[in-house]
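Protein chains in written order, with our numbering: chain E, 158 to 428; chain L, 273 to 584.
C-beta atoms are modelled at their ideal positions from N, C-alpha and C, and glycine is treated no differently.
Every value quoted in this text rests on a predicted model; they were computed, and no experiment measured them.
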Amino acid sequence: MEKKFLAQKSNECRIDILQMVFNASSGHIGGAFSAIDIMTYLYFHKMNFSKENYLDNSRDRFILSKGHASAALYACLAHKNIFSRNELSSFRKIDSMLQGHPSRKTTPGVETSTGSLGQGLSFANGCAMALKMKKINAKVYCMVGDGEINEGQFWEACMTSSRYSLDNLRVILDYNHLQIDGFIEDIKNPSPSKMRFESFGFHVIEINGHDFDEIDRAFEEADGVQKKPVFIIAHTIKGKGVSFMENNVNFHGSPPKKEEYEKAMKELSDV
Amino acid sequence: MSEKKSLREAYGKTLVELGKEHEDIVVLDADLAKSTKTELFKKEFPERFFDMGISEADMIGTATGFASVGFKPFCSSFAMFLTGRVYDQIRNSIAYPHWNVKLVSTHAGISVGEDGASHQCIEDLALMRAVPGMTVLCPSDAVMAVSLTKKLYEYESYAYMRLPRNELDSLYQESDDFKIGKSVVHSIGKDITIIACGAMVSIAKKTLMRFKSMGIDAGLVDMYSIKPLDKEIVREVLKTSKGILTAEEHSVIGGLGCAVAQIASAEKRVMMDFLGIEDSFGESGTPENLFEKYNLTEEAILKKGKILYDKL
Ligand SMILES: Cc1ncc(C[n+]2csc(CCOP(=O)(O)OP(=O)(O)O)c2C)c(N)n1
Ligand SMILES: [Mg+2]
Chain E
158 MEKKFLAQKS NECRIDILQM VFNASSGHIG GAFSAIDIMT YLYFHKMNFS
208 KENYLDNSRD RFILSKGHAS AALYACLAHK NIFSRNELSS FRKIDSMLQG
258 HPSRKTTPGV ETSTGSLGQG LSFANGCAMA LKMKKINAKV YCMVGDGEIN
308 EGQFWEACMT SSRYSLDNLR VILDYNHLQI DGFIEDIKNP SPSKMRFESF
358 GFHVIEINGH DFDEIDRAFE EADGVQKKPV FIIAHTIKGK GVSFMENNVN
408 FHGSPPKKEE YEKAMKELSD V
Chain L
273 MSEKKSLREA YGKTLVELGK EHEDIVVLDA DLAKSTKTEL FKKEFPERFF
323 DMGISEADMI GTATGFASVG FKPFCSSFAM FLTGRVYDQI RNSIAYPHWN
373 VKLVSTHAGI SVGEDGASHQ CIEDLALMRA VPGMTVLCPS DAVMAVSLTK
423 KLYEYESYAY MRLPRNELDS LYQESDDFKI GKSVVHSIGK DITIIACGAM
473 VSIAKKTLMR FKSMGIDAGL VDMYSIKPLD KEIVREVLKT SKGILTAEEH
523 SVIGGLGCAV AQIASAEKRV MMDFLGIEDS FGESGTPENL FEKYNLTEEA
573 ILKKGKILYD KL
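Okay, structure coming up:
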């Protein structure tokens with residue numbers, strides 16, 4: 158793993174995300190910044206996914222169940238040359254291929270449409286089950302939000318993951334402690350999360366979701382797990398990378414003002 | 273007169289037939305396989321059958337994952353739990369990303385009977401019609417259910433088909449062909465034509481002679497494809513008939529009647545009326561009791577038809 162390369166990539170992606178949301182005057186920065194390090198690791202190191210093979214059944218799949226972090230996904234796909242980086246400036250605008258939330262029909266490389274929270278893991282399970290039936294040795298990665306898992310369907314899906322021993326599936330929890338109305342602990346606290354997911358039949362690994370060594374170790378460990386789905390609890394920081402956005406719920410779904418944008422851009426450019 | 277046959281039995285058997293021919297068909301159910309008859313497929317192809325348990329939302333999502341890898345999934349449950357319960361999953365996980373998932377419900381309408389209103393879905397046609405791009409089918413006999421199940425397999429898009437719990441009169445021959453987007457014209461009336469679907473077709477058929485003896489020339493169209501609707505036939509009916517009466521085992525809000533009215537009213541001046549369940553829930557009782565109480569009978573059709581005729 159080239160840590161420096163990945164750190165640089167994720168920084169470039171953060172700059173693109175900031176730019177996209179500022180251009181569109183709408184979009185979700187906080188949850189994109191908490192997810193982008195892991196997504197960068199998956200897209201630029203771990204996954205068998207490229208311009209050449211992204212339509213082949215043998216590709217690895219990443220499903221962004223927390224679809225509001227779409228800007229992070231689009232930045233990754235653009236940097237993978239699945240589509241041109243020029244497209245990023247059309248994010249959330251009329252006639253754009255980059256819809257507010259991921260849309261399979263309009264954006265190449267998007268595995269399925271998400272945005273209505275709680276549904277991605279069921280899709281990921283279906284992929285993993287179908288790949289096993291076809292004896293295709295590909296992996297399925299599914300990222301969920303810690304607010305998103307308030308949804309009942311997510312827990313239904315967890316039971317499916319373990320019922321079918323989906324060891325080709327890795328669920329990643331973006332544990333940033335914030336949802337729209339505040340701290341997740343004040344709403345429907347998922348803690349104790351490790352115990353909970355273990356009891357649902359997962360092999361659970363806890364990591365710092367911004368440390369590439371820990372990320373790498375977790376996904377390498379996952380590859381050795383058999384007959385169990387893997388659950389990676391990634392401790393993250395909402396808004397990670399820009400000091401005044403970190404742990405600030407105001408940057409969940411509101412775009413930065415001009416001064417904030419400039420300040421944020423300076424912080425990211427100085428990295 | 274004619275023999276009664278189960279449409280869900282026909283569906284289950286056809287799935288088995290399809291399973292023998294096609295390796296890419298998978299079937300998902302939500303703990304109602306015995307009732308929906310997907311258990312017939314389960315017995316034959318256990319490795320391609322998935323009982324997702326009582327988690328309809330998860331079933332829908334899992335099916336989309338299967339579709340994405342190249343399988344052709346069929347999902348079944350009761351109409352109540354396969355539509356209203358999972359409207360958002362159908363809209364956002366199946367339709368918006370455009371996955372080839374087939375939804376076949378059983379126990380639609382009030383003919384569910386004794387289980388009562390919590391299980392009597394009378395708004396599934398309205399809900400499914402409203403989903404962008406959704407195809408909506410409501411067969412009227414077992415032969416048609418077989419034919420449409422096979423058509424659904426071949427159809428390269430998402431679709432919904434509703435079947436009743438109880439058996440229905442046999443109306444058609446095995447040699448008859450039923451295409452998605454078409455209808456069966458039994459006759460076109462000089463005065464009125466009844467456009468019906470599902471259980472109401474055979475009931476309406478029995479009224480035609482009775483209308484004649486009342487001096488009313490009535491016709492009947494079996495509009496099994498609610499969406500896409502056979503617009504050509506609606507226009508054809510309007511060339512001859514002065515009035516249209518729709519009949520469905522469904523709420524009068526948003527189902528077949530509304531679909532026909534949308535086409536007919538844009539075409540020419542036409543008097544219409546709508547037979548169905550008025551804005552209310554069903555209740556417990558035998559299917560016969562319920563059809564009586566909720567006006568899904570020959571008598572109710574004759575009465576509405578006569579009032580319509582008198583206004584023409
Ligand atoms: C079913 C559904 N309900 C509500 C919303 C609105 N919504 C969008 S993001 C969000 C909060 C998500 O919080 P979390 O999963 O923690 O995301 P993150 O913190 O990673 O951004 C909500 C409620 C939605 N998109 N889908
Ligand atoms: Mg969160």
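Along the region 388-409 of chain L, there is no position whose C-beta sits under 9 Å from a C-beta of chain E.
Taking every protein chain shown into account, the CB of E:Asn-282 has 16 or more other CB atoms within 10 angstroms, so this residue is buried.
Runs of beta strand (DSSP E) with 3 or more residues, each lying fully within the region 410-495 of chain L, are found at 431-434, 456-459, 464-468 and 490-494, listed in chain order. In this structure L:Met-406 is not in contact with L:Tyr-444, their Cβ atoms being roughly 25 Å apart against a cut-off of 8 Å.
Listed as beta-bridge partners of L:Pro-345 by DSSP are L:Val-298. Per DSSP, the beta-bridge partners of E:Ile-364 are E:Ala-391. Taking C-beta atoms as the reference points, E:Ile-372 and E:Gly-381 fail to come closer than 8 Å.
Distance from the C-beta of E:Asn-365 to the nearest heavy atom of ligand 2 is not below 7 Å. When DSSP states are grouped into helix, strand and coil, L:Val-288 belongs to the helix group. E:Leu-163 and E:Thr-393 have their C-alpha atoms some 17 Å from each other. Nearest neighbour of L:Asp-396 by Cα position, chosen from L:Val-373, L:Ala-351, L:Lys-423 and L:Ala-389, turns out to be L:Ala-351.
Straight-line spacing of the CA atoms in E:Ala-181 and E:Lys-250 works out to 7 Å. Under the three-state reduction of DSSP, E:Tyr-211 is assigned to coil, being neither helix nor strand. Per DSSP, the beta bridge partners of E:Cys-299 are E:Ile-220 and E:Val-328. DSSP places L:Leu-375 within a strand segment (E or B) once states are collapsed to three. Ranked by Cα distance from L:Ala-572, the first of L:Gly-388, L:Ala-519, L:Cys-410 and L:Phe-317 is L:Ala-519. Within chain L, Gly-337, Ser-340 and Val-341 have C-beta atoms less than 7 Å from the C-beta of E:Cys-284, given in sequence order.
Residues of chain L whose Cβ lies closer than 8 Å to the Cβ of E:Ser-400 do not exist, since the nearest Cβ in that chain is about 36 Å away. Looking at the DSSP output, L:Lys-499 shares a beta bridge with L:Val-408.
Under the Cβ distance rule, E:Phe-357 does not count among the residues neighbouring chain L, no pair being separated by less than 8 Å. Residues of the same chain with a CB within less than 6 Å of the CB of L:Phe-546, apart from the 5 flanking positions on each side, are Thr-518, Val-524 and Gly-529 in chain order. Where E:Asp-252 is concerned, there is no enclosing alpha helix (DSSP H), because DSSP gives it neither an H nor an E. Here DSSP, grouped into helix, strand and coil, assigns E:Ser-318 to helix. CA-to-CA, the gap between E:Lys-237 and E:Ile-195 works out to about 15 Å. Secondary structure note for E:Asp-373: its alpha helix (DSSP H) is the uninterrupted segment 369-381. Assignment of beta-bridge partners to L:Thr-518 by DSSP yields L:Ile-467 and L:Phe-546.
Spatial neighbours of E:Thr-197 in its own chain (CB-CB distance under 8 Å, excluding positions within 5 residues in sequence) are listed in chain order as Leu-163, Lys-166, Ser-167, Cys-170 and Cys-233. At a cut-off of 8 Å between C-beta atoms, E:Ser-279 counts as an interface residue with respect to chain L. Between E:Lys-262 and chain L, the shortest Cβ-Cβ separation is below 8 Å.
If you check each beta-carbon in the region 441-463 of chain L against every beta-carbon of chain E, none falls closer than 7 Å.
Listed along chain L, the residues sitting closer than 8 Å to E:Ser-270 by beta-carbon distance are Asn-364, Ser-365, Tyr-368 and Pro-369.
Contact check for L:Tyr-425 and L:His-294: beta-carbon distance about 7 Å, within the 8 Å limit, so the pair qualifies.
No Cβ-Cβ contact shorter than 8 Å links L:Ala-414 with L:Ser-556.
Nearest Cα to L:Ser-274 within the set L:Asp-441, L:Ala-490 and L:Asp-551: L:Asp-441. By a beta-carbon distance limit of 8 Å, L:Leu-312 contacts L:Gly-284. Their separation comes to about 4 Å. Residues of the same chain with a CB within less than 8 Å of the CB of E:His-185, apart from the 5 flanking positions on each side, are Val-178, His-225, Ala-226, Ser-227, Ala-228, His-409 and Gly-410 in chain order.
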